[in-house]
Each structure stands twice: as C-alpha cells, then as structure tokens.
Amino acid sequence: MDLTDACFAGAARQAELMRSGALTARDLVTECLRRIDRHDRRLNAFRLVFARQALADAEHADALRARGHDAPLLGVPVAVKEDIPLAGLPTTRGTAAVETTAPADAEIVRRLRAAGAVIVGRTRMPELGLWPHTETTWAGATRNPWSPGHTPGGSSGGSAAAVAAGLVGAAIGTDGAGSIRIPAACTGLFGLKPHRDLVPLTPGTHTWGGLVAAGPITRHVRDAALLLDVLAPGRDHTAAVTAHRTLRVAVSLRPWGPGIGLHQDVRDAVLDTAGLLTDLGHDVTRLDPDLRELAGSTGFAARYLHHAADTEATLDRPDRLDRATRAVAALGRSLPAPAVRAALAQQPGLTDHANRVFADHDLLLTPVLTRPPLRVGQWRRLPTTAALLAAARLTTFLPLWNITGNPAAAVPAGHTRTGLPLSVQLVAAPDGEPTILTAAGQLQRARPWTDRRPPTTP
Numbered sequence: 001m002d003l004t005d006a007c008f009a010g011a012a013r014q015a016e017l018m019r020s021g022a023l024t025a026r027d028l029v030t031e032c033l034r035r036i037d038r039h040d041r042r043l044n045a046f047r048l049v050f051a052r053q054a055l056a057d058a059e060h061a062d063a064l065r066a067r068g069h070d071a072p073l074l075g076v077p078v079a080v081k082e083d084i085p086l087a088g089l090p091t092t093r094g095t096a097a098v099e100t101t102a103p104a105d106a107e108i109v110r111r112l113r114a115a116g117a118v119i120v121g122r123t124r125m126p127e128l129g130l131w132p133h134t135e136t137t138w139a140g141a142t143r144n145p146w147s148p149g150h151t152p153g154g155s156s157g158g159s160a161a162a163v164a165a166g167l168v169g170a171a172i173g174t175d176g177a178g179s180i181r182i183p184a185a186c187t188g189l190f191g192l193k194p195h196r197d198l199v200p201l202t203p204g205t206h207t208w209g210g211l212v213a214a215g216p217i218t219r220h221v222r223d224a225a226l227l228l229d230v231l232a233p234g235r236d237h238t239a240a241v242t243a244h245r246t247l248r249v250a251v252s253l254r255p256w257g258p259g260i261g262l263h264q265d266v267r268d269a270v271l272d273t274a275g276l277l278t279d280l281g282h283d284v285t286r287l288d289p290d291l292r293e294l295a296g297s298t299g300f301a302a303r304y305l306h307h308a309a310d311t312e313a314t315l316d317r318p319d320r321l322d323r324a325t326r327a328v329a330a331l332g333r334s335l336p337a338p339a340v341r342a343a344l345a346q347q348p349g350l351t352d353h354a355n356r357v358f359a360d361h362d363l364l365l366t367p368v369l370t371r372p373p374l375r376v377g378q379w380r381r382l383p384t385t386a387a388l389l390a391a392a393r394l395t396t397f398l399p400l401w402n403i404t405g406n407p408a409a410a411v412p413a414g415h416t417r418t419g420l421p422l423s424v425q426l427v428a429a430p431d432g433e434p435t436i437l438t439a440a441g442q443l444q445r446a447r448p449w450t451d452r453r454p455p456t457t458p
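164 is the number that the UniProt record's numbering gives to position 164 of the sequence shown; each next residue is one higher, with no gaps.
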C-alpha cells in the first residue's frame with residue numbers, strides 16, 4: 001500500500017499496517033504532515049499543527065513496537081477539536097477570546113495518548129460551537145474537501161475536513177446540537193455521538209447542561225468502534241460492527257418543528273437506505289412519531305441561547321468575539337430566568353416520551369440535515385435571528401437526541417448529482433451504540449463509501 005492509500009485507509013487499518021510491519025508510524029505521520037502542508041492552506045481544517053511533537057511521538061511509537069509493545073492506536077495520527085483541553089494551550093473554542101492555558105490534557109486526550117495515538121493537531125470550529133458551518137471573520141472559512149465552495153458543516157467542521165481529506169486517520173469532535181453528525185454528513189464520513197457521559201468530558205462537567213457529548217468522526221465504521229473502545233472501555237464496540245442480528249427499524253421524515261421542508265435528495269437518501277435495510281433482512285416500518293416538536297424545539301432554543309451567554313461569560317476577552325456570536329449571547333442574556341428553568345424542566349418528560357419509539361424498535365432512521373451542504377458564506381449577510389432560524393430548520397432532526405442523551409450517528413448515503421455527500425441518521429435507545437454500529441457496519445459492507453475520495457485532495 002502506498003502512503004497516500006495509507007492516509008485514506010482509516011485508523012483501524014493504519015493500526016493493522018503498523019502492527020504487521022508493513023508501515024512505520026514515522027512514515028505515516030510524515031506523509032500526513034506533508035498532506036496537511038499541501039492541502040490545508042485551502043481547507044483551513046487545522047488551527048494548530050504539532051509537527052515536531054507528532055514526529056517525535058511517531059518515532060517513540062516505532063521504538064515501542066520494536067521492543068514488542070503494542071497498543072490499540074499505537075502510531076495512528078489523530079486530530080482533536082479545539083474545545084478539548086490540551087495541556088499548556090488555551091482551550092480556544094473557535095475564538096480569539098481565550099488566553100488562559102489548560103493545566104492538563106482532557107481525559108479524552110489522556111486516553112488517546114495512553115492507547116498510542118499521535119495527536120497531530122487541533123481542528124477548527126465556529127465560535128463557541130454555535131453554527132452548523134465553520135466560519136469566522138478572523139480565521140476565515142473551513143472548506144469541504146468534496147467541494148471547496150461548500151462548508152464541511154459545524155461545529156466539528158475542522159475535524160471532519162481533516163479526516164475526509166486523508167490528513168489524519170480519525171478525529172474527535174463534540175456534539176451539543178448535531179456538531180458531530182452535521183460535519184460527518186457534509187463530508188461523507190461516519191460520525192457517532194455517544195450517549196450522555198459514555199465518553200468523559202473531564203475536566204468539563206455537564207457541558208452545556210448535559211447537551212454535549214464527545215465522539216469519533218471517521219472514514220470507516222470500525223474506526224469509530226476502535227476509538228470508542230479506547231475512549232469508553234468496558235464494551236467491545238469493535239465486535240458489534242460485524243455482528244449479525246435482525247433489527248426493527250422505524251423510519252421517520254417528520255421534522256422536529258412546523259413548516260420545515262425536505263430537499264428531495266435527502267428524502268430519497270433516507271428511503272433508499274430504508275429499502276437497503278429491508279433487503280438486508282431487517283424489519284423496517286414507516287413511523288412518524290409525535291416527538292413534541294413545538295414545545296421541544298422551543299425549549300431547546302432557550303437552552304441553546306442561555307448556554308451561549310453562559311459560555312461568553314467565562315471568556316477572557318469576550319470583546320474579541322464576532323458580532324454574530326455576541327448577538328447570540330445577548331439573546332441568551334435577555335431570556336427571563338423562568339423561561340430557562342421551564343426549558344430545563346421539560347427534559348425528563350421529553351426524554352421519556354421520545355424513547356417510547358424504542359419500546360418496539362431498535363433504531364430510528366431519519367435524515368441528518370434537511371438539505372445538502374451549504375455554500376461557504378451562504379448565511380453571512382443574514383441578520384442573527386434569521387440565521388438562527390435557518391440553522392434550526394437545517395438541523396431539525398438532531399437536537400432532540402442531545403436533550404434525551406441517546407446515541408445517534410450520521411451514516412453516509414451516497415452523493416448528489418453534483419458530487420456532494422448525503423447522509424442518514426441512526427438513533428438508538430440509551431446505551432445503544434452497539435446497535436448503531438451493527439446496522440452501520442452492514443450498510444457499509446453492502447454499499448461501501450470509502451472507495452470514493454474527495455476529488456480536491458488526491
């Protein structure tokens with residue numbers, strides 16, 4: 001396998017190649033760094049690249065392997081989103097407003113390093129993770145490897161762009177309202193938001209009131225399973241990818257809000273995936289359950305704005321934020337306290353109600369986004385409130401599962417006629433990651449998506 005193929009092979013295969021002696025960590029990381037130097041001037045996926053340290057860590061991984069040591073990710077190049085603390089660096093969250101440095105690595109990073117991963121760099125996000133695209137006035141736009149005129153989504157847009165372009169074997173994102181699933185969908189990747197608290201967010205606790213989860217963005221389903229085995233040990237996620245079981249799948253095209261339309265390509269992708277699951281022997285039923293759309297989406301909006309204001313208040317230099325970010329935080333500060341308390345209070349009832357679908361079904365299949373990826377700068381001229389409403393319409397199928405804490409994943413489902421990725425969402429009951437991995441693994445084997453690479457990053 002040549003080095004370019006190795007860069008696109010994904011974390012699990014990269015680990016196998018190094019374990020077999022067919023590839024060294026130094027050669028792989030050197031090639032990843034070369035690709036970053038070649039392609040990231042245009043993509044803008046990385047905020048920081050740790051070239052010297054990554055090469056040193058790769059050489060250390062090779063030395064360990066030469067002495068007979070092994071670890072699940074030994075020598076595998078990985079990127080982490082910029083809201084995940086790294087010792088000695090500000091946890092920047094997409095802004096220029098943080099100066100305080102983190103005293104230690106996040107637990108996620110500690111576990112990756114303990115498993116032998118080489119942290120190549122820190123990936124970009126929109127300010128405070130507020131948008132489903134990755135753009136700021138001061139850092140510019142992160143671009144989609146499939147089409148540089150389009151966004152890779154957000155808020156984990158840099159992580160997704162880096163993996164899709166073959167710059168790293170895998171990346172870690174965070175998801176408070178779809179921020180793993182959106183960029184995975186926009187870039188033709190598998191992105192898994194685990195259930196609440198499966199992957200520790202230490203030193204953060206109950207981030208955004210429990211809405212945020214951290215998880216993998218990868219080329220292959222088995223890459224994500226391997227990372228989950230490292231980040232959330234105790235269950236064999238890798239075995240679930242090749243498991244064979246008949247699943248009961250409910251299919252819904254009902255948006256979580258009134259008057260929201262679906263692009264025909266999105267509708268077709270969901271129905272085509274439903275047909276493929278049927279062909280694979282699963283019990284697939286059309287079901288558009290009432291998920292308390294109006295009350296739930298209104299309550300989520302209040303929580304989102306409130307947490308934006310809370311986050312702004314923790315920054316060292318909030319005056320450095322973009323105008324739109326300050327406007328969102330100002331909306332959050334203007335909310336009456338009783339409205340915020342009411343939104344928080346609805347979580348248990350909404351969770352119980354939403355999970356009724358899993359009494360009779362193992363999975364819920366929906367769209368990820370209501371349309372294919374946005375163009376870069378498409379909402380730049382919109383007033384803040386209009387942009388927030390547009391974002392809510394685009395991501396309508398996602399935030400409910402942050403409120404309830406259920407695991408949910410974006411699974412590639414083909415491309416538009418112009419070559420933009422399409423995706424579907426799989427949601428499972430609490431602790432249902434193995435069920436999602438089983439279904440996604442079967443879908444990938446039936447219709448492999450990794451054979452096709454972005455044309456702009458050969």
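Even for Gly, the Cβ is constructed at its ideal location relative to N, Cα and C. Treat the numbers as computed from the prediction; the structure is a model and nothing was measured.
Beta carbon of residue i nearer than 9 Å to that of residue j
| i | j | result |
| --- | --- | --- |
| arginine 181 | arginine 124 | no |
| arginine 222 | valine 241 | yes |
| alanine 439 | glutamine 425 | no |
| histidine 220 | arginine 13 | yes |
| alanine 71 | alanine 9 | no |
| alanine 170 | leucine 43 | no |
| tryptophan 146 | leucine 420 | yes |
| isoleucine 217 | threonine 396 | no |
| valine 163 | valine 120 | no |
| arginine 19 | arginine 67 | no |
| proline 367 | alanine 177 | no |
| glutamine 346 | alanine 295 | yes |
| valine 328 | leucine 17 | no |
| tryptophan 401 | lysine 193 | yes |
| glycine 75 | alanine 25 | yes |
| threonine 142 | alanine 51 | no |
7 Å CB neighbourhood of residue i in its chain, flanking five on each side removed
| i | result |
| --- | --- |
| arginine 371 | His263, Val266 and Leu394 |
| tryptophan 138 | Ala96 |
| valine 230 | Pro72, Leu73, Arg111, Leu112 and Ala115 |
| histidine 306 | Gly332, Leu335 and Val340 |
| leucine 446 | Rather than leucine, the amino acid found at residue 446 in this sequence is alanine. Cβ within range, chain order: Leu276 and Leu280. |
| aspartate 322 | Glu127, Thr136 and Thr137 |
| alanine 302 | Leu335, Ala339, Val340 and Ala343 |
| proline 454 | Pro145, Trp146, Ala164 and Ala165 |
| alanine 390 | Trp379 and Leu382 |
| proline 203 | Pro85 and Ala106 |
Pick from the options that is closest to residue i, judged by C-alpha positions
| i | options | result |
| --- | --- | --- |
| threonine 273 | Leu231, Ala413 and Ala165 | Ala413 |
| histidine 195 | Val328, His415, Ala170 and Ala232 | Ala232 |
| alanine 313 | Ala301, Arg326, Thr91 and Leu369 | Arg326 |
| serine 155 | His39, Ser179 and Ala141 | Ser179 |
| isoleucine 172 | Asp319, Thr142, Ala106 and Thr151 | Ala106 |
| arginine 122 | Pro448, Leu364, Val212 and Ala87 | Ala87 |
| alanine 160 | Leu364, Gly176, Leu189 and Pro132 | Leu189 |
| valine 49 | Ala301, Gly158, Asp175 and Ala63 | Gly158 |
| leucine 228 | Thr456, Ala66, Leu437 and Ala330 | Leu437 |
| aspartate 175 | Leu128, Leu23, Pro458 and Asp268 | Leu128 |
| leucine 89 | Pro458, Thr101 and Ser423 | Thr101 |
| leucine 369 | Arg38, Pro152, Arg453 and Leu294 | Pro152 |
| residue 459 | Ala243, Gly441 and Asp27 | Absent from the structure is residue 459, since the part of the chain shown begins at 1 and ends at 458. |
| alanine 392 | Ala342, Ala63, Tyr304 and Ile84 | Tyr304 |
| arginine 235 | Pro399, Gly377, Thr435 and Arg254 | Thr435 |
| threonine 207 | Ala243, Ala308 and Val109 | Ala308 |
| leucine 201 | Val109, Trp131, His150 and Asp268 | Val109 |
| histidine 415 | Thr142, Arg245, Thr187 and Ala354 | Thr187 |
| glycine 140 | Ala22, Asp40 and Thr385 | Asp40 |
| alanine 79 | Asp316, Arg317 and Gly215 | Gly215 |
Residues near residue i in its chain [Cβ-Cβ closer than 6 Å; skip 5 each side]
| i | result |
| --- | --- |
| proline 289 | Val357 |
| glycine 432 | Pro407 |
| serine 297 | Trp256 and Gly257 |
| valine 92 | As written in the sequence, residue 92 is threonine, which differs from the valine given in the question. If we look at threonine 92 and ignore the five residues flanking it on each side, its Cβ neighbours are Glu82 and Val98. |
| valine 249 | Leu277, His282, Val284, Leu363 and Leu365 |
| alanine 54 | Val29, Val118 and Val120 |
| leucine 388 | none |
Nearest-angstrom Cβ-Cβ length linking residue i and residue j, presumed shorter than 8 Å
| i | j | result |
| --- | --- | --- |
| leucine 277 | valine 284 | 5 Å |
| leucine 287 | serine 252 | 6 Å |
| leucine 211 | isoleucine 36 | Wrong, their Cβ atoms sit about 31 Å apart, outside the cutoff. |
| leucine 226 | alanine 11 | 6 Å |
| leucine 422 | alanine 184 | That belief does not hold up - the Cβ atoms of leucine 422 and alanine 184 are roughly 12 Å apart, past 8 Å. |
Cβ shell of residue i (< 8 Å), same chain only, five flanking positions each side left out
| i | result |
| --- | --- |
| aspartate 319 | Ala97 |
In chain order, each alpha helix (DSSP H) run of at least 4 residues that lies wholly inside the stretch 96-154: Correct list: 107-114.
Residue ranges of each alpha helix (DSSP H) within the stretch 372-402, 4 or longer: Runs found: 384-394.
3-residue-minimum beta strand (DSSP E) runs that sit fully inside the stretch 190-236, ordered along the chain: Every beta strand (DSSP E) of 3 residues or more that sits fully in the stretch 190-236 is shown, in chain order, as 190-193 and 213-218.
Continuous alpha helix (DSSP H) assignments of at least 4 residues falling wholly in the stretch 23-89: List check, alpha helix (DSSP H) in window: 25-43 and 51-66.
Alpha helix (DSSP H) segments (min. 4 residues) lying fully within the stretch 263-335: Listed in chain order, the complete alpha helix (DSSP H) runs (minimum 4 residues) inside the stretch 263-335 are 264-279, 293-313 and 323-334.
In chain order, each alpha helix (DSSP H) run of at least 4 residues that lies wholly inside the stretch 424-449: Correct list: 433-446.
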